[in-house]
Ligand SMILES: [Zn+2]
Ligand SMILES: [Zn+2]
């Protein structure tokens, strides 16, 4: 195609400059040489030449446009889109899913990277098809595994919001996670406080997704990450909304209220934006990195503080999550965002004990991977991308993966697995990336799965069978 472009370019030069110049320059001579022109005025020759040039221009222009590399790309793109449409149509879905290199939707950091590197556009469309169709009345809270750092996605119907996006290097993980579950824009983006493990990934998010409202506390940080984030917000024509305690926002079927910060604190962590999200009878409390000071102020100023799910403050550090705070919140589930073998020694064993003493089940991103709480307004179901082995935390399995209080679905105690008939991947029933119902097959044991030629899902069976 390169050669064709050069030939066309040469034609253009010829048409635009050489031919008119040559013609006009020779009009005098032509008049003398050809008897036909002798009695004519020079005007028809000039207009004739211009007309000829114009015809050339149109013809060459048309050929050039049609054969341009951009057009070829567009043509290729529309073909891919058509191919994707065919793949995505219900008729072809069942048979064509297996054509994709990986149909297991996986949200751990290494996997999302693999997805990004290896999959062409068609496959990424097919990938999302393994997610169950969205339940319009459900609210999902995804505590995304970003290592040491926070990132929580809330999906309510078709709308979504994000609280923090982990460290700068996690921006890509969060971006891919959001894309994989079909999020294309964010109603709200909360940067709880200007620490790198919370706001580092926000720039990637703002670059990739349309964001309506950005909420960040009025705290100044002199870090490069924070400065760059503010510059980007300005550049995109967005504004930062300061949190006002008591202010309520709506996210489709859910609402959330700002609980803190009510004032300025010395410690940046204490200035974290704290929100309580409500969906029917279920409440979720997100506490950023607040310490005991802010907890005390929240206790004094907030009437309704009880929550079914508590995002434990400051990665489970011992300076947060006081007993008084825990008793008032009285959570059923506690989620801790924490990196494996982190240098800070998070979470603190004493904090874990305090959480256990109020009867809450603890989920940790270092052990459970990404954690998804799904609320139907009265019940909450929990799914995780990883199931910790007993040796990794010393706790019994049923403590780590309790089931929803309505008792529906399989329990971890049952030795039943779910296979994907198309991709031949075996999942645990608690896996977040279960295939569509019509592609599911119940398999009693791993032995049976092996016999049938099934491979382990990377979320469910870390390190293979
Ligand atoms: Zn912090
Ligand atoms: Zn933090």
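Numbering (the working numbering), first residue to last: 2 to 466. Positions of the beta carbon are idealized from the N, C-alpha and C atoms, including for glycine.
#### Entry: Euclidean distance between Cα positions of residue 280 and residue 297
25 Å
### Task
From the DSSP output, in three-state form, read off residue 326 for me.
helix
### Message
Could you check whether the Cβ of residue 230 sits closer than 8 Å to any Cβ belonging to chain B?
### Response
Of the protein chains in this structure there is only one, and it is not chain B.
### Query
For residue 239, which of helix, strand or coil comes out of DSSP?
coil
### Message
Taking 6 Å as the limit between beta carbons, can you name the residues of its chain near residue 261, skipping five residues before and five after?
### Response
275, 295 and 299
### residue 228 in three-state terms, based on DSSP
helix
### Query
Taking C-alpha atoms, which residue in 211, 220, 430 and 195 lies nearest to residue 186?
211
### Query
Quick one: does the C-beta of residue 271 sit closer than 7 Å to a heavy atom of ligand 2?
no
### Query
Which residues have a Cβ closer than 5 Å to any heavy atom of ligand 2, listed in chain order?
198 and 290
### Message
Measuring only from the beta carbon, is residue 347 closer than 7 Å to any heavy atom that is part of ligand 1?
### Response
no
### Query
Starting from residue 144 and walking both ways along the beta strand (DSSP E), at which residues does that stretch end?
140–144
### Query
Is the beta carbon of residue 194 within less than 7 Å of some heavy atom of ligand 3?
As for ligand 3, it is missing from this structure, which binds only ligand 1 and ligand 2.
### Query
What did DSSP end up calling residue 333 once you bin it into helix, strand or coil?
coil
### Classification of residue 248 by the beta-carbon crowding that lies within 10 angstroms, buried from 16 upward
exposed
### Task
To the nearest angstrom, report how far apart residue 266 and residue 424 are at their CA atoms.
53 Å
### Query
Fully enclosed by the region 192–228, which alpha helix (DSSP H) runs are 4 residues long or longer?
197–200 and 203–209
#### Entry: beta strand (DSSP E) segments (min. 3 residues) lying fully within the region 245–273
249–252 and 255–261
### Task
Find the nearest neighbour of residue 213 within the set 327, 144 and 241, judged by alpha-carbon distance.
241
### Query
When the distance is taken between beta carbons, is residue 195 closer than 8 Å to residue 152?
no
### Query
What is the DSSP secondary structure of residue 389, reduced to helix, strand or coil?
coil
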